[in-house]
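Worksheet for the structure shown next.
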Amino acid sequence: MPVVSLKDTLDRAFAQRFGVPAFNIINDLTIDAVLAAAVREKSPVILQTSVKTVMMYGRDQLFGIFAALVRDVPVPVTLHLDHCPQRSVITDCLDGGWNSVLFDAHELDVAENLIQTTEVVKEAAAHGAHVEGEIEGIQGVEDGVGSDSASVQQSLDVAVDFIERTGVHCFAPAIGNAHGQYKAAPVLDHQRVTDLVEATGIPMALHGGTGMSAEQFQDLIARGCAKVNISTALKECYMKSSLEFLRGAEEKRKWDPPSLFKAQTAAVTDMAREHMRIFGSSGRAW
Ligand code: 13P
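Reading the sequence shown from the start, the letters are residues 636 to 921 in this note's numbering.
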């Protein structure tokens, strides 16, 4: 069973009001570690790749790694392409096996974004794949995509019209969230999530998860954020566990790569399990 569609996993999460964690994996080890967490927690999970990671590996190599690692995993997994402004990369990933994409055309005006997102939804449908839509930039640069300036919110009517006319399966609103670590606790426009969910009936994607409190996650999930993105926390956990291990290795003058991989995997798995418990996705695999 392991690979399931975005709509399947999000519709269940939305109906039952839990959040499916969407981790930005960066290599084989982090895929493996996140999958191990999902298995231990019996949680559905979304593995998402930035455009940068796709470019670093090459599409086929990255998909090959994903397919090999997910093959015997007994929990539902979705493979999603995170923030992608380039239509050619969207097409390439849909052709290459990704079953979900975020077409991030927020830099276009909403009318043009709407036309192009409608085309992407149609293109994805031909592959049995689903689409997350976005009309407002999420503040913060991640893997070379995005901007540090605060995002401009569109009106509720504009957002609802975009969602209804494009047929996107999930929508990423700007609600005061940002990619990367927050400098101060974020003040989130949770009412906007409620308003969008009430008006459209579709699940929302919560971006900028790193640094939000358990209460913020749980409140937003209860309002309809069924996809919850975590990237920076994974990267920091991976790098910091590596640093700590390597400092110890230097001290002991013992250079054993498999022990490093074990330490990295354990740290990333623990971090992912903690998020699954907070999001209420533990025990929800079907
Ligand atoms: P963080 O890096 O803040 O966890 O955000 C992740 C994200 O929203 C990816 O699109």
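Even glycine gets a Cβ: it sits at the ideal position worked out from N, Cα and C.
The model shown is predicted, which means the values in this text are computed figures rather than measured ones.
Distance between residue j and residue i (C-alpha atoms, nearest Å)
i    : j    : result
H718 : Q826 : 24 Å
V822 : G846 : 12 Å
L743 : Q721 : 12 Å
T713 : F653 : 16 Å
L855 : L831 : 12 Å
G779 : S866 : 13 Å
Y692 : G699 : 10 Å
R800 : S735 : 19 Å
L641 : K889 : 44 Å
T900 : A668 : 5 Å
S790 : V639 : 33 Å
Cβ-Cβ separation, residue j to residue i (assumed contact under 8 Å), whole Å
i    : j    : result
H762 : L729 : 5 Å
W733 : A702 : That pair is no contact at about 11 Å.
A746 : I773 : Going by Cβ atoms, the distance from A746 to I773 rounds to 21 Å, so no, they are not a contact pair.
A648 : A834 : Rounded, the Cβ-Cβ distance is 19 Å, inconsistent with contact.
V710 : V755 : No, V710 and V755 are not in contact; Cβ-Cβ is about 28 Å, not under 8 Å.
L737 : E769 : 6 Å
V766 : V803 : 5 Å
Closer than 7 Å: residue i CB and nearest the ligand 13P heavy atom
i    : result
G772 : no
G815 : yes
H842 : yes
I607 : In the structure displayed, the chain extends from 636 to 921; residue 607 sits before or after that span and is not available.
I865 : yes
D667 : no
E742 : no
D792 : no
D796 : no
D643 : no
D905 : no
E777 : yes
H715 : no
Start and end residues, beta strand (DSSP E) containing residue i
i    : result
H765 : H765 to E769
N659 : V655 to N659
K862 : C860 to I865
T845 : Unbroken run through T845: none, as it is neither H nor E.
Q816 : Taken as a continuous stretch (DSSP letters only), Q816 belongs to no beta strand (DSSP E), as it is neither H nor E.
Bounding residues of the alpha helix (DSSP H) (the contiguous stretch that carries residue i)
i    : result
N748 : V745 to A760
H825 : H825 to T835
V903 : P892 to F914
V712 : V712 -> not in any alpha helix (DSSP H); beta strand (DSSP E) instead, spanning V712 to C719.
Given 8 Å as the limit, is there contact between the region 750 to 758 and the region 655 to 664, that is, 3 or more CB pairs closer than that?
-> no
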